[in-house]
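Chains as they are written, first to last, in my numbering: chain A, 946 to 1345; chain B, 110 to 329.
Backbone N, C-alpha and C define an ideal beta-carbon position, used for all residues, glycine too.
Quick notes on the structure that follows.
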């Protein structure tokens, strides 16, 4: 008989996770009936809340604020211990004292996106109209919706112009949307491993993930919360597939090769014989502990819909016409999810718009994930870009 | 062809001459302060840095990844790109000056590149090694082999430089595509400008490199 070990069920209970959904341990901005969020789908979301974290202090003239936009499955916990996983912040390679995004010098803000599940209103939140979890009744959201909500938070914090908006992947899409929607409010923009539109291949991968979630019998047409369960198997498969796209063949080979896991001979079963298999299973199961399945559907959909040029008559350069923001675009050689060619198209459009843009492709075999990893060349460029922008902005500091 | 009076290198050049290349100092001197400049093939950004000290808004294109990364690390606005293929993406009149410093000989289509320079910029500044330089001629004439110099050290089979020309050739190209020369300079082996009143054949023989400030002519 062929033995198959099932993916372990999540260690955190649905109750614990739902507590972070509506009552996050981070800061929360509440927006009442008088401040609705107009969504692209035509619905006004109200009331709603945004969970966020800040690091460092806002200076007297409010000119040192940096907004970090997180990627698909990230959240506001950039530089602190995560309340659910207990792990350190997701970008503590880039953010921290002495690092390119230094809280001793900048006021750093990171908010959980609308549609997320770590304290900002999303499909896992309680719908105040029914007292039940939103589920699929939650309206479909877009990247511009996320950015519109962030702008309301930035208003609430009393900040007119952000010194920088920084993000990778889906976060990079938000960076670009910020500059297109609020050009006067963004002094500099660091867009990493992203694109102005989601490619057909990427939409295809997202569809695969969503179908995995929806094929899970525990999904219950999105109504699993009412049953007190979570479609963790489908979500884990979605995460496994996505995770492969974040890496590169070279990186997988370097890390695992064809090595076996805790054995020398194959078991002639569908157990995780190979290290790469058990690694993926681990990635899948640890992900479901902290993430909501419906939220995954909504956020992948938001990325799929993203196309800045489409909102400007199909001409990308028009999105950035006359823009004063200083741009730095970074791509990675082995990133096949957001390849360099897409960054280059963005750079051409920015050049055509006469924007001040830098563009660097970083040589690495670590794939799309490189933006989250310790890649010194990437840090050097980020630091140099922010420092020169800081000089232009008149930010003074001890180390110039 | 009209060639302007040669202006003496200004104070900036003498103060910083140790720090910057002679042809860069000459180029920087040709650019009006406060203008917007695109440096095509900007290398590690030395010229852009020099221009920034003069309050010039500089951008760069550089083919090599290492070059780009060093530029960005210096805080310069530089993108990775290829002069032969990427200039078409730049709109007309996007810059006051477009500079092609010691890069013309490495382009696949020098004529097309030159035309693009003067479409994107109202003015272009082009500098290139002069293959009519006496040392080059001697190497071919006496040595019987393709010339190699300090600035162009690679052998013929592994050089990125594929389209060499002489000052005379370049002047003829400018005439052919109706480009006006606002200013022309030839620098000797030590980076010193040759005297203006000398006849063209002297420049072509004794200029180690040519530096030209071009504007759009009536076209042909």
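query, result
"What residues of chain A sit near residue 178 of chain B, judged by a beta carbon separation below 8 Å?", "1305, 1307, 1322, 1325, 1326"
"Taking only runs of the beta strand (DSSP E) that begin and end inside the stretch 962-1032 of chain A, which ones reach a length of at least 3 residues, in chain order?", "972-976, 993-1000, 1010-1014"
"Name the residues in the stretch 188-199 of chain B whose C-beta lies less than 7 Å from a C-beta of chain A; which are they?", "188, 189, 198, 199"
"If contact means a Cβ-Cβ distance below 8 Å, which residues of the stretch 1165-1183 of chain A contact chain B?", "none"
"Secondary structure at residue 298 of chain B, three-state DSSP: helix, strand or coil?", "coil"
"Please state the DSSP three-state secondary structure of residue 1112 of chain A.", "strand"
"Among the candidates A:1053, A:983, A:1085, whose CA atom is the shortest distance from the CA of residue 1067 of chain A?", "A:1085"
"List the DSSP bridge partners of residue 1205 of chain A.", "A:1219"
"Residues of chain B with a CB under 7 Å from the CB of residue 1292 of chain A: which are they?", "188"
"Compare the C-beta of residue 181 of chain B with all C-beta atoms of chain A and state if any pair is closer than 8 Å.", "yes"
"How about residue 1183 of chain A and residue 1241 of chain A: do their beta carbons lie closer than 8 Å?", "yes"
"Between the C-alpha atoms of residue 1322 of chain A and residue 1155 of chain A, what's the straight-line distance to the nearest angstrom?", "35 Å"
"To the nearest angstrom, how far is it from the Cα of residue 1318 of chain A to the Cα of residue 1089 of chain A?", "27 Å"
"Using beta carbons (cut-off 8 Å, strictly below), is residue 1302 of chain A in contact with chain B?", "yes"
"So, with DSSP's three-state summary, where would you put residue 953 of chain A?", "Low confidence applies to residue 953 of chain A: its pLDDT is 45, below 50, so where it sits in the model is not reliable enough to give any reading."
"Okay, do the stretch 1227-1243 of chain A and the stretch 1056-1075 of chain A touch, 3+ Cβ pairs below 8 Å being the bar?", "yes"
"Between which two residues does the beta strand (DSSP E) carrying residue 148 of chain B extend?", "145-149"
"Starting from residue 332 of chain B, follow its DSSP beta bridges and name the residues at the other end.", "Past the edges of chain B, shown from 110 to 329, lies residue 332 of chain B, and the structure says nothing about it."
"Using a beta-carbon distance cut-off of less than 8 Å, what residues from the stretch 994-1015 of chain A approach chain B?", "none"
"So, does the stretch 288-297 of chain B touch the stretch 200-217 of chain B, judging by three or more C-beta pairs under 8 Å?", "no"
"If you measure beta-carbon to beta-carbon, which residues of the stretch 1125-1138 of chain A are closer than 7 Å to chain B?", "none"
"Once the 5 residues before and after residue 993 of chain A are set aside, which same chain residues still bring their CB inside 6 Å of it?", "976, 982, 1066"
"Have a look at residue 124 of chain B and residue 160 of chain B and give me their C-alpha separation to the nearest angstrom.", "Confidence at residue 124 of chain B is low in this model, with a pLDDT of 44, below 50, so its placement is unreliable and the value that follows should be read with caution. Each residue's alpha carbon lies about 15 Å from the other."
"Can you tell me the Cα-Cα spacing of residue 272 of chain B and residue 266 of chain B, whole angstroms?", "13 Å"
"Can you tell me whether DSSP reads residue 1323 of chain A as helix, strand or coil?", "helix"
"Does any C-beta atom of chain B lie closer than 8 Å to the C-beta of residue 1269 of chain A?", "no"
"Between residue 1035 of chain A and residue 1061 of chain A, which are expected to be in contact by the criterion C-beta below 8 Å, what is the C-beta distance as a whole number of angstroms?", "Not really, about 13 Å apart at Cβ, beyond 8 Å."
"Measure from the C-beta of residue 174 of chain B to each C-beta in chain A and report whether the shortest distance is under 8 Å.", "yes"
"With DSSP collapsed to three states, give me the class of residue 291 of chain B.", "strand"
"Find out if the Cβ-Cβ distance for the pair residue 205 of chain B, residue 230 of chain B is shorter than 8 Å.", "yes"
"Is any beta-carbon of chain B found at less than 8 Å from that of residue 1095 of chain A?", "no"
"Quick check: residue 165 of chain B and residue 142 of chain B, are their CB atoms within less than 8 Å of each other?", "yes"
"In whole angstroms, give me the CA-to-CA distance for residue 1134 of chain A and residue 1096 of chain A.", "15 Å"
"Please state the DSSP three-state secondary structure of residue 141 of chain B.", "coil"
"Should residue 1166 of chain A go down as buried or exposed, given a rule of 16 or more other Cβ atoms within 10 Å for buried?", "exposed"
"Considering only their Cβ atoms, is the gap separating residue 1259 of chain A from residue 1298 of chain A smaller than 8 Å?", "no"
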